[in-house]
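S.K.: Okay, here's the structure, questions in a sec.
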Amino acid sequence: MSRIQTCLDALAQAQRKALIPFITAGDPSPELTLELMHGLVAGGADIIELGIPFSDPMADGPVIQRASERALLKGVGLRQVLAIVAAFRERNQTTPVVLMGYANPIERMGQAAFIDTAKTAGVDGVLVVDYPPEECEEFAAQMHAAQMDTIFLLAPTSTDERIAQVGRIATGYVYYVSLKGVTGSGALDVDAVGAMIPRIKQSVKVPVGVGFGIRDGATAKAISSVADAVVIGSRIIQEIESAPEGAVVSSVQGFIAEIRTALDS
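Numbering (my numbering), first residue to last: 106 to 370.
What follows is the structure in structure tokens.
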């Protein structure tokens, strides 16, 4: 059983919803990323999504694009991201870490080498935005053989056929994009999300997390009423950008703690 499944099973038994924050590795610096990861856990995060900086992040809005640009300027690539995960594991052996990114860095390393290195570093799952399920069944099988999960995106435009495809090979959880567009855009329609989740669960047997458009405790709480997990990314990046120098970790930790409190209320 993967760390992700262990975590989500325990939360389900406790009738609690998972809190999954996203940050970009290397933003604002590799050293601070490591401390941010520990701060997220201290604030109440259950699973950490760690973005792999990429020069053409097609699903990401301007906020996360800026985070990628800052990380790339620091020279952070896939190997540095894996080193950050390995350093995180020196102090934390329980919190699942999911890498979120694009196919190009993995293809450059080679899928087999990536899987071996990620497993050694302590990665628990990957979400590769441009690995559609019909094109990565072999990759998913290799990941599962290494006891790591493959997480896929679904969207309001997903057909029943695509949902079924994802349901056949997804492990860990499925990430439902709550709105059309890129990260950080649009207003959240909780009723629309609530109508989609039962349709997804007809074919998908792993928990469903919802992200895009969740910005505060109120929206997180509303989404948690219809989903198994809440994913927050752009709003955390904005917290990183606006925090006073020297207070980035404490600001982000405080923000996550507010979301945790809202989810548990």
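In this text, a Cβ means the ideal position worked out from N, Cα and C, and glycines have one as well.
My guess is that residue 124 and residue 365 are in contact by the Cβ rule of under 8 Å, so how many angstroms apart are they, rounded?
M.R.: 6 Å
S.K.: Would you mind giving the Cβ-Cβ distance between residue 228 and residue 205, rounded to the nearest angstrom? I have them listed as a contact below 8 Å.
M.R.: Not a contact, Cβ separation roughly 11 Å.
S.K.: Check this for me: beta carbons of residue 336 and residue 329, under 7 Å apart or not?
M.R.: No.
S.K.: Between residue 199 and the ligand FAD, is the CB less than 6 Å from at least one heavy atom?
M.R.: With respect to small molecules bound, the structure shown includes none, and the ligand FAD cannot be examined in it.
S.K.: Identify the continuous alpha helix (DSSP H) that holds residue 63 and give its terminal residues.
M.R.: Since the first and last residues shown for the chain are 106 and 370, residue 63 lies out of range.
S.K.: With a CB to CB cut of under 7 Å and the five nearest residues on each side skipped, what residues in its chain are close to residue 363?
M.R.: 322
S.K.: According to DSSP, simplified to helix, strand and coil, what is residue 199?
M.R.: Residue state, collapsed to three classes: coil.
S.K.: Buried or exposed: where does residue 347 fall if 16 or more other Cβ atoms within 10 Å of its Cβ makes it buried?
M.R.: exposed
S.K.: For residue 140, which residues of its own chain have a beta-carbon under 7 Å away from its beta-carbon, when the five flanking residues on both sides are left out?
M.R.: The beta carbon of residue 140 is closer than 7 Å to those of 354 in its chain, skipping five residues each way along the sequence.
S.K.: Taking residue 154 as part of the beta strand (DSSP E), name the residues at either end of that continuous run.
M.R.: 153-156
S.K.: Once you ignore the five residues that flank residue 238 on each side, which residues in its own chain have a CB closer than 7 Å to its CB?
M.R.: 257, 270, 271 and 274
S.K.: Does the separation of the CB atoms of residue 201 and residue 176 fall below 7 Å?
M.R.: no
S.K.: Check the DSSP bridge columns for residue 254 and list the partner residues they point to.
M.R.: Answer by DSSP bridge pairing, in chain order: 230.
S.K.: Could you check what DSSP says for residue 443 in three-state terms: helix, strand or coil?
M.R.: One cannot answer for residue 443 here, as it falls past the ends of the chain, which runs 106 to 370.
S.K.: In whole angstroms, give me the CA-to-CA distance for residue 134 and residue 316.
M.R.: 25 Å
S.K.: Name the two residues that bound the continuous alpha helix (DSSP H) containing residue 334.
M.R.: Looking at the DSSP string, residue 334 is not in any alpha helix (DSSP H); the run it does join, the beta strand (DSSP E), is 334-337.
S.K.: Could you tell me the distance, in whole angstroms, from the CA atom of residue 216 to the CA atom of residue 284?
M.R.: 31 Å
S.K.: Counting along the chain, where does the beta strand (DSSP E) carrying residue 316 start and finish?
M.R.: 313-316 is the span of the beta strand (DSSP E), which, as asked, contains residue 316.
S.K.: Look up residue 259 in the DSSP assignment and say whether it is helix, strand or coil.
M.R.: strand
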